[in-house]
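These notes concern the structure reproduced below.
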Amino acid sequence: MHEHYPVPLSGAKASTLMWAHEHDVEPAALAQLRNIAALPWVHGVRVMPDVHLGKGATIGSVIAMRDAVSPNAVGVDIGCGMIGVRTSLSAADLPEDLHGLRTAVETRIPVGFNSHDDPVDLRRLRPLSDRAHTAEVLRGTDRFWDAFDRLTPQVRDLEGRARRQLGTLGGGNHFLEVCLDQDDQVWLQLHSGSRNIGKSLAEVHVAIAKDLPHNQGIVDRDLAVLLAGTPQMDAYLRDLTWAQEYAARSRAVMMTLFVDAVRATFPDRDITFEEVANVHHNYVATEQIEGQELIVTRKGAIRAGRGDLGLIPGSMGTGSFIVRGRGNPESYWSASHGAGRRMSRGEAKRRFSLEDLAAQTAGVECRKDGGVLDEIPGAYKDLESIIEAQVDLVEVVARLRTIVCVKG
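The sequence shown lines up with residues 0 to 407 when you count with numbering that gives the first Met the number 0.
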């Protein structure tokens, strides 16, 4: 039987509704949420079922502010998000040993701290289809890079690195996956963000915000805000918009390289690729909420307006859900971005062994070494429970199970 959500957060000054129970959330994350709700600019906070402690603002939170934004309420991985693509392949078309397919992907797409040796020549990429969002993003490249010179001066020396990192995965919870749905149809999905350039831009603006006079008395300086109509806010929104586009372009390049690896693995097949979902889950938008125009930050949350298609992934061994938003205004039209961590990376490394990792990723072609031990499925919340907690926010379109996972 589904428990009724949302529930109010006790002790919160601004309206704070949770799709989780307080006893299931770490005390530090609850304290962080109360700190956010105490900011004088905050209209309301909505807390997703995958909620956990973050830097400054909680991951799994949707924060609506009046004429203000906190850079840490977006996070340092500006524009982080996902793409999901359905292919015409079925499980019966796949080889028994999937290591070759994983190698083909890893050969084309650098992971971890690695970059392309030279920027990817986008003119040589073959889009998924003319209608795909990825095809749109691959266009207009000159206009996009011309805007780099207008970013904050502190990042001017990072352009070469940013160009080489476009279309690379990074590390942490980012991934490329081959999955099967309930009908054994093959899907491709990826999760990535704005790499070093997004992090660098975020850190510049967090530091600027912390020094502004109106932030001197707030309860947590990591929640420092920028105010609408100021040069600092204008500069942040300019850089953030560029970084969000960088993240989207990077995913488009990566998915195109991913598709290229699949085509190369099946040279005699005419495979079709349909982009089903393409979403940010660390971003800023201006939205109408409860009769007011507010600045909304989603940090580890997707927009779930009526009919919006999204992706909610689990971990290396648990697969993902394709969902459709129900357009619930109580959540500010939002839903979770994943399963959410239930322990820190350090705790995961202390608690689990490589044998645990092998057991929990059985049947998945993936790394099973110490470099990804902190990403073990046991470090994450139960994905099925996360979906069950938000049945009033999204409906399930497809359940994907992972068969190949590439991580940095």
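Even for Gly, the Cβ is constructed at its ideal location relative to N, Cα and C. Just so you know, these numbers come straight off a predicted model, no measurement behind them.
Exercise. Please confirm if the region 41-50 is in contact with the region 379-392, defined as three or more CB-CB distances below 8 Å between the two stretches.
Key: yes
Practice problem: Express the C-alpha separation of L200 and G170 in angstroms, rounding to a whole number. | Solution: Here residue 170 refers to the residue found at position 171 when the sequence shown is read from its first residue. Here residue 200 refers to the residue found at position 201 when the sequence shown is read from its first residue. In a straight line, the C-alpha of G170 is about 18 Å away from that of L200.
Practice problem: Tell me, please, whether the region 84-99 touches the region 213-226 by the rule of three or more beta-carbon pairs shorter than 8 Å. | Solution: no
Quiz item: Ordered along the chain, which non-local residues of its own chain (more than five positions away) have a Cβ less than 8 Å from that of K367?
Solution: Counting from 1 along the sequence shown, the entry for residue 367 is found at position 368. Cβ within range, chain order: L353, L356, A357, T360.
Quiz item: Leaving out the 5 sequence neighbours to the left and right, which residues in its chain are closer than 7 Å to T264 when beta-carbon positions are compared?
Solution: The residue you call residue 264 lines up with position 265 of the sequence shown. The residues are G99, L100, A103.
Quiz item: Would you report the Cα separation of N327 and L392, rounded to the nearest angstrom?
Solution: For the purposes of this step, residue 327 is identified with residue 328 of the sequence shown, where counting begins at 1. For the purposes of this step, residue 392 is identified with residue 393 of the sequence shown, where counting begins at 1. Cα to Cα, the separation comes out at about 6 Å.
Self-check item: Nearest candidate by alpha-carbon position, reference P212, set N195, A300, Q231, R194
Solution: Counted from its first residue, the sequence shown places residue 212 at position 213. P212 has its Cα closest to that of Q231, out of N195, A300, Q231, R194.
Exercise. Can you say whether R123 is buried or exposed, counting buried as having 16 or more other CB atoms within 10 angstroms of its CB?
Key: Walking along the sequence shown from the start, residue 123 turns up at place 124. So R123 ends up on the exposed side.
Quiz prompt | 8 Å Cβ cutoff met for G192 and G78 | solution = For the purposes of this step, residue 192 is identified with residue 193 of the sequence shown, where counting begins at 1. For the purposes of this step, residue 78 is identified with residue 79 of the sequence shown, where counting begins at 1. It is a contact, given that the beta carbons lie within the stated cut-off.
Quiz item: Does the separation of the CB atoms of A67 and I294 fall below 8 Å?
Solution: Locating residue 67 in the sequence shown gives position 68, where the first residue counts as 1. Locating residue 294 in the sequence shown gives position 295, where the first residue counts as 1. Yes. Within cutoff.
Quiz item: Nearest CA to the CA of R305: which residue from Q153, V322, G111, A161?
Solution: Numbered from 1 along the sequence shown, position 306 holds the residue referred to as residue 305. Per the Cα distances, V322.
Quiz item: What's the C-alpha gap between E383 and E394?
Solution: Numbered from 1 along the sequence shown, position 384 holds the residue referred to as residue 383. Numbered from 1 along the sequence shown, position 395 holds the residue referred to as residue 394. Whole-angstrom Cα-Cα distance: 13 Å.
Quiz item: Rounded to the nearest angstrom, how far is the Cβ of V61 from that of A13, given a contact under 8 Å?
Solution: Numbered from 1 along the sequence shown, position 62 holds the residue referred to as residue 61. Numbered from 1 along the sequence shown, position 14 holds the residue referred to as residue 13. At roughly 12 Å, the Cβ-Cβ gap does not stay under 8 Å, so V61 and A13 are not in contact.
Self-check item: Three-state class that DSSP yields for S9 in the structure shown
Solution: Looking up residue 9 in the sequence shown gives position 10. Coil at S9, not helix or strand.
Quiz item: Any heavy atom of the ligand NAD within a distance shorter than 7 Å of the CB on A11?
Solution: For the structure depicted, the ligand NAD is absent and the ligand set is empty, with no information on it obtainable.
Quiz item: Taking contact to mean at least 3 C-beta pairs separated by less than 8 Å, is the region 178-185 in contact with the region 215-223?
Solution: no
Quiz item: The beta strand (DSSP E) with I82 in it runs from where to where?
Solution: For the purposes of this step, residue 82 is taken as residue 83 along the sequence shown, with counting starting at 1. Looking at the DSSP string, the run of the beta strand (DSSP E) that includes I82 is 80-89.
Quiz item: Is V258 closer than 8 Å to V203 when the C-beta atoms are compared?
Solution: Here residue 203 corresponds to residue number 204 of the sequence shown, with the count starting at 1. Here residue 258 corresponds to residue number 259 of the sequence shown, with the count starting at 1. For V203 and V258, no; Cβs fall outside 8 Å.
Practice problem: Please determine if the region 279-294 and the region 157-174 are in contact, where contact requires at least 3 C-beta pairs separated by less than 8 Å. | Solution: no
Quiz prompt | Contact under 8 Å by Cβ, V275 with N71 | solution = Along the sequence shown, one-based indexing puts residue 275 at 276. Along the sequence shown, one-based indexing puts residue 71 at 72. No. Outside cutoff.
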